[in-house]
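Quick note on the working numbering: the sequence shown kicks off at 5 and runs consecutively.
Backbone N, C-alpha and C fix where the C-beta goes; we use that ideal spot for every residue, glycine too.
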Amino acid sequence: MASTYNLKFLEQEHNDVKFLKRDDIGIVISRALSETYLTQPSKPIEFFAKYLLNHSKTQKKAQAVTLNQNLSIFAQERDRQKQVKELRQRNEYFVMAKKAEVEEKAKEQRQLESKKGKFYDLLNKSPDLSDNLDELADFLHEFTGATGVYIGKLIQPRKQISDDDDDKAHIDSENPKVIWYIHSSKGHDMLRGKILKHDQGVTHAVFNPPKQEEDNQVDDEGNPIQAKPKSLDFLDLNHHVYVKEVVPRLGSYLAIPLVYNSCMFEDALDNAVSDYFAVQKAKEEQDKARNDYEEEQSKIRDEKEKIGEAYEPPENREWEQINQRPFQTFQESYVVCLDTLGQDREFTREQREFAIQTVNNFKQIWENTEFENLTKDRNRKIKIMEIDKEFIDSESQKLIEEEEKHIEEILQSYAVEGQQLDEELKDLYQKSTRLSFIAKLFKERIEWQKNLKRLSKFKVLKMPRVMQSIFYFLQYQREEICEKGTNKFFWKKAKSLINDQFYDRLVNYTVLGCKEDHQPRYTTLNFIEKNIEGIVPEDVDHYNMTLGKLFKWLHLAIRTRKDDIVRRKALKKRAREHREALIEQARKREEQHVNDLKDARQKFLDDHRDEIEAFNRYQQELQEKGGVEEQDENEEAEKKQIPQLPVFNEGDWEAQWLHDNPEINITQQVVEEKDNDWYMTQEEEDNHISQYFLHKESSGIMPPPKKNEHQSQSSGYCDNYVQANIVILSKEYAVDFHEFCKLNPKPCPVLEVIPAGQIQAQQFCPSGMDIRFDLPKYKVFKHGKFVEERTQIEDLWQDDFVTFLIGCSFSFESALQEAGLKIRHIEEGKNVPMFKTNIKCQEYGIFNGSLVVSMRPFKQNDVQKAVDITDQYPRVHGGPIYYGLEFAEQLGIQDLNKPDYGDSITLNEDDIPVFWACGVTPQNVIMQCDSIPLVITHSPGCMLITDILNVSLIN
Numbered sequence: 005m006a007s008t009y010n011l012k013f014l015e016q017e018h019n020d021v022k023f024l025k026r027d028d029i030g031i032v033i034s035r036a037l038s039e040t041y042l043t044q045p046s047k048p049i050e051f052f053a054k055y056l057l058n059h060s061k062t063q064k065k066a067q068a069v070t071l072n073q074n075l076s077i078f079a080q081e082r083d084r085q086k087q088v089k090e091l092r093q094r095n096e097y098f099v100m101a102k103k104a105e106v107e108e109k110a111k112e113q114r115q116l117e118s119k120k121g122k123f124y125d126l127l128n129k130s131p132d133l134s135d136n137l138d139e140l141a142d143f144l145h146e147f148t149g150a151t152g153v154y155i156g157k158l159i160q161p162r163k164q165i166s167d168d169d170d171d172k173a174h175i176d177s178e179n180p181k182v183i184w185y186i187h188s189s190k191g192h193d194m195l196r197g198k199i200l201k202h203d204q205g206v207t208h209a210v211f212n213p214p215k216q217e218e219d220n221q222v223d224d225e226g227n228p229i230q231a232k233p234k235s236l237d238f239l240d241l242n243h244h245v246y247v248k249e250v251v252p253r254l255g256s257y258l259a260i261p262l263v264y265n266s267c268m269f270e271d272a273l274d275n276a277v278s279d280y281f282a283v284q285k286a287k288e289e290q291d292k293a294r295n296d297y298e299e300e301q302s303k304i305r306d307e308k309e310k311i312g313e314a315y316e317p318p319e320n321r322e323w324e325q326i327n328q329r330p331f332q333t334f335q336e337s338y339v340v341c342l343d344t345l346g347q348d349r350e351f352t353r354e355q356r357e358f359a360i361q362t363v364n365n366f367k368q369i370w371e372n373t374e375f376e377n378l379t380k381d382r383n384r385k386i387k388i389m390e391i392d393k394e395f396i397d398s399e400s401q402k403l404i405e406e407e408e409k410h411i412e413e414i415l416q417s418y419a420v421e422g423q424q425l426d427e428e429l430k431d432l433y434q435k436s437t438r439l440s441f442i443a444k445l446f447k448e449r450i451e452w453q454k455n456l457k458r459l460s461k462f463k464v465l466k467m468p469r470v471m472q473s474i475f476y477f478l479q480y481q482r483e484e485i486c487e488k489g490t491n492k493f494f495w496k497k498a499k500s501l502i503n504d505q506f507y508d509r510l511v512n513y514t515v516l517g518c519k520e521d522h523q524p525r526y527t528t529l530n531f532i533e534k535n536i537e538g539i540v541p542e543d544v545d546h547y548n549m550t551l552g553k554l555f556k557w558l559h560l561a562i563r564t565r566k567d568d569i570v571r572r573k574a575l576k577k578r579a580r581e582h583r584e585a586l587i588e589q590a591r592k593r594e595e596q597h598v599n600d601l602k603d604a605r606q607k608f609l610d611d612h613r614d615e616i617e618a619f620n621r622y623q624q625e626l627q628e629k630g631g632v633e634e635q636d637e638n639e640e641a642e643k644k645q646i647p648q649l650p651v652f653n654e655g656d657w658e659a660q661w662l663h664d665n666p667e668i669n670i671t672q673q674v675v676e677e678k679d680n681d682w683y684m685t686q687e688e689e690d691n692h693i694s695q696y697f698l699h700k701e702s703s704g705i706m707p708p709p710k711k712n713e714h715q716s717q718s719s720g721y722c723d724n725y726v727q728a729n730i731v732i733l734s735k736e737y738a739v740d741f742h743e744f745c746k747l748n749p750k751p752c753p754v755l756e757v758i759p760a761g762q763i764q765a766q767q768f769c770p771s772g773m774d775i776r777f778d779l780p781k782y783k784v785f786k787h788g789k790f791v792e793e794r795t796q797i798e799d800l801w802q803d804d805f806v807t808f809l810i811g812c813s814f815s816f817e818s819a820l821q822e823a824g825l826k827i828r829h830i831e832e833g834k835n836v837p838m839f840k841t842n843i844k845c846q847e848y849g850i851f852n853g854s855l856v857v858s859m860r861p862f863k864q865n866d867v868q869k870a871v872d873i874t875d876q877y878p879r880v881h882g883g884p885i886y887y888g889l890e891f892a893e894q895l896g897i898q899d900l901n902k903p904d905y906g907d908s909i910t911l912n913e914d915d916i917p918v919f920w921a922c923g924v925t926p927q928n929v930i931m932q933c934d935s936i937p938l939v940i941t942h943s944p945g946c947m948l949i950t951d952i953l954n955v956s957l958i959n
């Protein structure tokens, strides 16, 4: 155990020990001892002493070596640290570069994803993806690295069209479809408009469905071939065309079909609206059935409870879910083409998959967008139907009254200004004022503009030719409203033109007067009438009342325009003929003047021949006597007078002749007007002018033309004028016959009675007539028997003949036609069929017999319209007495194909025969009157055409 001293020694180191511990002493001694120990010399003390003696020298060497080593180590360390620093710097740079690269890639990826997002946002917000095909091309160009992307549409080849071709004339339906390139990525615009025929290249193969392997295939020996498993590879599942090398080392080609189901067409909209109402009706019926069922079960439960029985509810009844049918569609086919020409590379698998997936996405979004658009159109259509019904219920009648009041005020203003308007000019001014009134409603009434704006929101426009024709009529150019190179109306483009300028053109259109500016054929009346042919105004109203108003405006404008043109041309022609007649009269007057002067001179010579001869003799005697007369002293000689030569006073004669034959004032040269909005051949123009003079109600140019210069039945002839049956008989029987007519007003409505011996009807033919000649054909009856048919009765005429004009149903046929009803016998160019019946007329005196009826067939929906119209004409038989096949039998008519008078006409299964009392009834009656020696009537269907207009007989 250590002593206290020792502990203290250990706690505090002695100075000697500190001295010995110095590096230059303790370590040297320690090394000397260690070296001695290791060497084991024979003389350890001496070895130890020498070691210490040599230590200084050794130490210096060692220090020198150490110094060198240290210098070397330092240099190495310095180099190492330098390398480490360089490596560290290099590593930091690499890390920073890698980090920057990663960040750059992440940034690029974010940008790409952002571009993808923006692209799909654009598509999802687009109202029509056909506007985004260029963006699709640019998108694929950027994300696939393609040299170019171009998009074509599969269409029928197109033909060149002329200005008067219709909206389908550009379609070449006889040849195979072609691909028409219409979109491309930037830098490939040169491909737009190019056509790829069906036999050029491989692109058309994208529209051919991939071949399907047949089931149960066998090899040549009849052994069944195991079907290959269907590939689930994305590229195999999506049909496309891929060419690795179009030309060696120049690049590859990829064609992807873009075939989508489009529902943006008229029939799809019609069916969508119809289906909507059908579904609503079915749901209402189902709701009613469900309520009835629940009420029934409730009654059963109540009854069971009353008698104390337990009510066992039936199993839950399943009600069919009523859904709308999918929209009707048709396929629209496009192809998206990509190439890497000039890059000497193929598309990677990822690029091909990306392109195909993008096209598929585009197709899906396109179909979804069209579905949404058609749904909106359907809802708009239903809303507009409600608005139109509201208008009809509350505003329609007010508007009609306002319109009529406005027209009356305008016409009254003309009267105040002193303008004399004949009926025809008044009619033109009424129509012109009506057109202006309707146009101003569109211009000035916000609600009307809103209604038209609602129409412009439709993606699908029904009856597009209506709106196209209105634009053409207002002189818009084809390039503004149609697809390029066609006459097919492009609603999406055209509806942007429904603006203030459109309303201004409506208001400023002048329907009266010439139009000398050049007009393309498609803006002429000829083209526009052809373009809207077959479109029924009621159908347009049912679709959209605002469009219907415009269509009626167009119809009225065309009709008024043509009436004005024909009227002016007729007036010009009449003016030319009048001027030519005046010129001819002036020429004949000059000839007459020369001849009359010559005759007057000759007459003067004849009247004064004796005086002239006496003067000549006197002059001759003077010459014989030498020119001097001797003075005769005889008284008789003194009284002798010298003869005077009579002189013709031409001045007095000229003055008297001019008084008796006033100078003819020749009108000014007729200036021709051009109406370039209506093309007519000379033959067509002459025909229209002839029709003008025949059919216009009042032209103010000439008296009503001679109407009875025809030799056949008169149905449809001069259809604006009243036609009459004729009965001519002796005055002895006329009174009784008149009484018979009064008792039977339906078949025998008397229009006028021509007194005995007279040949003109003063009331109905004021322009003049001769009853003996002016019917196409007459029938002659003697003692109740028909003896002959003839075209004039002059030799049979008797001074006591009284003529009865009896109303004829031909007079209301024009009103039926104007209402859109078809008259079968007129269409077939035949006389109306007439039948004897078993209905007895009320007899008077000797006049008695059965009723005769005329028959006209109509469709079921048109019968009431025919009744309503003819009821307005009681003086020409009025409304029908019967209609329907069952009444034909009751009338005693055995066969509708075998009329007693007139012609047999075509009868269809859905025709309803309609029977009117007929003016041939008197002929049937006369055949019972064998006591009357002579009666003359018209031949059935061959009427007297009067000067009176049918409209004057209404009510």
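Contact between Val857 and Ile830 is absent: CB atoms are separated by about 18 Å, not below the 8 Å threshold. For the pair of segments examined, the segment 401-411 was found to touch the segment 427-440: the number of CB pairs separated by less than 8 Å reaches three. In this chain, Ala259 is not harboured by any alpha helix (DSSP H); it is covered by the beta strand (DSSP E) spanning 255-266.
The C-beta distance from Tyr696 to Ile952 rounds to 19 Å, too long to meet the 8 Å contact threshold.
Non-local C-beta neighbours of Asn928 in its own chain, meaning closer than 7 Å and more than five positions away in sequence, comprise Lys840, Gly853, Ser854, Val856, ordered along the chain. A contact is defined here as three or more CB-CB pairs under 8 Å, and the segment 741-748 fails this definition with respect to the segment 815-825. Following the DSSP letters along the chain, one finds Val939 inside the beta strand (DSSP E) bounded by residues 939-942. Residue nearest to Lys463 within the set Asn669, Ser266, Tyr683 is Ser266 (criterion: CA-CA distance). Inside the segment 829-861, DSSP marks no whole alpha helix (DSSP H) run of 4 or more residues.
Rounded to the nearest whole angstrom, the C-alpha separation of Asn179 and His208 is 15 Å. Setting aside the 5 residues that flank it on each side, Cys341 is surrounded in the same chain by Tyr154, Ala259, each with a C-beta closer than 6 Å to its C-beta; the list follows chain order. Membership of Lys201 in any alpha helix (DSSP H) is not indicated, and neither H nor E is assigned to it by DSSP.
If you draw a 10 Å sphere on the C-beta of Leu137, you find 16 or more other C-beta atoms in it, and that means buried.
Beta-bridge annotation (DSSP): Tyr315 is not paired with any residue. The segment 341-351 makes no contact with the segment 286-297; the number of CB pairs closer than 8 Å stays below 3. When the beta-carbon positions are compared, Ala728 and Val806 stay at least 9 Å from each other.
Within a 10 Å sphere around the beta-carbon of Lys492 sit 16 or more other beta-carbons, which makes this residue buried. Looking from the CA of Asn691, the closest CA among Phe555, Arg571, Trp661 belongs to Arg571. For the pair Leu938 and Phe785, the CB atoms are nearer than the 9 Å cut-off. In summary, Met194 is exposed, with fewer than 16 beta-carbon neighbours lying within 10 Å of its beta-carbon over all protein chains present. The continuous beta strand (DSSP E) containing Lys783 extends over residues 782-786. In the structure shown, the three-state DSSP call for Trp557 is helix.
The segment 118-129 makes no contact with the segment 164-178: fewer than 3 CB pairs, one atom from each, lie closer than 8 Å. Annotation for Lys499: Ser460 place their beta carbon closer than 7 Å to its own, counting only its chain and skipping 5 residues before and after. His187 is bridged by DSSP to Ile155. Here DSSP, grouped into helix, strand and coil, assigns Leu236 to coil. Proximity of the segment 261-277 to the segment 318-337 meets the contact definition, three or more beta-carbon pairs being nearer than 8 Å. Per DSSP, Gln894 is one residue of the alpha helix (DSSP H) stretching across 889-894.
In this structure, the alpha-carbon of Cys922 lies about 22 Å from that of Ala823. In the DSSP secondary-structure assignment, Gln727 is bridged to Ile949. Approximately 6 Å separates the beta-carbon atoms of Ser177 and Gln160; this is inside 8 Å, confirming the contact. Under the three-state reduction of DSSP, Pro884 is assigned to coil, being neither helix nor strand. Under DSSP, the beta-bridge partners assigned to Thr807 are Ile732, Ile758. Shown here, Cys341 sits in a strand according to DSSP, grouped into three states.
Per DSSP, Pro917 lies in no alpha helix (DSSP H) segment; the continuous beta strand (DSSP E) that holds it begins and ends at 915-921.
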